[in-house]
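This report concerns only the one structure given below.
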Amino acid sequence: MGLAGERGHTGAMLVDPRTSASLRVGDAERSHAEAVLQEAYSVGRLNEGELDVRLGMAMRARTRRELSAALSGLPLQVRASPFVQRRVSTPDATLLGFLAHGSAVFTWFLGPLVCYGVASPGTPGRREAAHAFNLQLTSGLVVFVTMVMTMLFFPPRVLAILVMVEMVVWLLLTVTSAARALSGRPLRVPTIGFLPEGKARSRRP
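Each residue of the sequence shown is one higher than the one before, counting from 1 in UniProt numbering.
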């Protein structure tokens, strides 16, 4: 079967990613997968943790095989449910992402963690809060490792310079991430995945 499939109640094309597993997928297929996962969560087929993990898998998927793994064991039909539509498009997602990143300037990882906890599972705001949390812990780990290595092999003056540079870079990354989140164009910096975040898509002009 090709990319065209049966139309669901929402009018969107249904695509079974379990066929032609090596074919590439695009935004349309990933968006449909997100709707399927939101539907499964709303009817109790997935819990919060499973939803976050599977959304991350779906948003990172590049082939139908990868997308199929995110949808394993779930029906592909999506009902025209106002509840699901409301969860997919969260008006306050950009503000929550901004608060998650911005609060880190004063609270380090605690602010992003609180934002992650209050955000609805599977929403863009929760994914951005997860990224903010991961960014802060990854940055802290980099600073700690740098300090230890520098203290072992270099004089204190070098340590002071390196820590100062790292703090400036951390502040710039945090502020820039907050601004980009508020504009709806999230900045993606490689981080350690302490919390599942998925791949948020930027708002297109």
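Don't be surprised by glycine CBs; every beta carbon is placed ideally from N, CA and C.
Check                                                                                                                                                  : Outcome
Can you look up Thr45 in the DSSP assignment and give me helix, strand or coil?                                                                        : The amino acid at residue 45 is misidentified as Thr; the sequence shows Arg. Note: Arg45 maps to coil in three-state DSSP.
Helix, strand or coil for Thr63, going by three-state DSSP, please let me know.                                                                        : strand
If you scan the stretch 100-178 from start to end, which runs of the alpha helix (DSSP H) of 4 or more residues do you find wholly inside it?          : 110-118 and 124-153
Using the rule of at least 16 other Cβ atoms within 10 Å of the residue's Cβ for burial, across every protein chain shown, is Val36 buried or exposed? : buried
Rounding to the nearest angstrom, what Cα-Cα distance links Ser120 and Leu23 in this structure?                                                        : 32 Å
Give the DSSP-derived three-state secondary structure of Arg30 in the structure shown.                                                                 : helix
Give me the Cα-Cα distance between Thr94 and Arg185, rounded to the nearest whole angstrom.                                                            : 9 Å
Decide if Ala160 is buried, meaning its Cβ has at least 16 other Cβ atoms within 10 Å, or exposed.                                                     : exposed
Would you mind stating whether Thr191 and Thr123 have Cβ atoms separated by less than 8 Å?                                                             : no
Spatial neighbours of Glu48 within its chain, please: C-beta separation below 6 Å, excluding the five flanking residues on both sides.                 : Pro121
For Asp27, does the count of other Cβ atoms within 10 angstroms reach 16, so buried, or fall short, so exposed?                                        : exposed
Please state whether the Cβ-Cβ distance between Glu66 and Ala100 is less than 8 Å.                                                                     : no
What does a CB cutoff of less than 7 Å around Ala104 pick up in its chain, not counting 5 residues either side in sequence?                            : Gly111, Pro112, Ala132, Gln136 and Thr174
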